[in-house]
Structures are given as structure tokens and as C-alpha cells.
Amino acid sequence: MNVVITIILSIQLLSAIAMIGLILVQHGKGADMGAAFGSGGSGSLFGASGSANFLSRTTAVLATVFFVSTLALAYFGNLRSSTSGSVLEAIPAAPVVETVPAAPASGAAQIPAK
């Protein structure tokens, strides 16, 4: 079971890193005007609008992989036994000690001394 969780976790990590890289590479809608003035966007590897289409589809696929791996990790995390391995569960409960209240003081014992 630990091997499956490790594989899913590594898939999630790699898809997250790839998504971050693809999102940073993409141009916003306002960058199209800059490409008209010679920034070289129309002469790219994928053509004038091909890179935006390819990058957005790849980002959507990576987002789906990330989402599915997150759901799988949550599912396998809930299948484990009731002990979660928490530090707080390892500490034994302190014994409960009941104290008997003292009898109320009478007369002269209630007068403060100077």
C-alpha cells in the first residue's frame, strides 16, 4: 500500500511542477497586442495561435491528473487503520486525580494577619 501511495504522490508532485512551469510560460490575453509589434510571438514553434492552444490543453490535462491524484491520495489516506500515527495519540492519558475541597475556615482564621 505504501508503494502505491508513493507512486501517486510522485505523480502529483510532478504534475504540480509541470503545471507551474506551463502556467508561467503562457501569455495572457493582453500579450497579443505586444506580439503585433514584433515580440516574435507569431514566429514561434507552434505557429501564431498554436502554442496557446497546445499549452492550454496540456495545462488542462495536467490539472486533471493533479486533481485525480489528490482524490486518490485522500481515498487511500482514509483506508488506513484508526491509528493515524499522530504524536498526540502516542501520549498516554494522564490519570484523573480528584481533590477534596478543604473545609471552610471559621472565625479567626478568616481575618488576615498584618
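When we follow the working numbering, the leftmost residue of the sequence shown carries the number 509, and every step to the right adds one. The beta-carbon is built from N, C-alpha and C at its ideal position, and this holds for glycine as well.
Residue 563 to residue 521, Cα distance in whole Å? Computed Cα separation, rounded: 19 Å.
Give a yes or no on contact between the region 511-520 and the region 564-571, applying the rule of three or more CB pairs nearer than 8 Å. no
Which of the three DSSP states is assigned to residue 549 in this structure? Note that residue 549 scores 49 on pLDDT, short of 50, meaning its location in the model is unreliable and no value can be drawn from it.
Going by other Cβ atoms of all chains shown within 10 Å of its Cβ, with 16 needed for buried, is residue 577 buried or exposed? With 16 or more other Cβ atoms within 10 Å, it is buried.
Could you check how far apart the C-beta atoms of residue 571 and residue 527 are, in whole angstroms? I think they sit under 8 Å. For a cut-off of 8 Å, the C-beta gap from residue 571 to residue 527 is around 6 Å, short enough to register as a contact.
Three-state secondary structure assigned by DSSP to residue 608: Of the three classes helix, strand and coil, the one that applies to residue 608 here is coil, per DSSP.
May I ask which residues mark the beginning and end of the alpha helix (DSSP H) holding residue 509? Counting along the chain, residue 509 falls outside any alpha helix (DSSP H), and DSSP gives it neither H nor E.
Thinking C-beta only, is residue 573 closer than 8 Å to residue 516? Contact flag unset, no.
Which same chain residues, not among the five before or five after residue 498, have their C-beta less than 8 Å away from its C-beta? Given a span of 509 to 622 for the chain in the structure shown, any question on residue 498 remains unanswerable.
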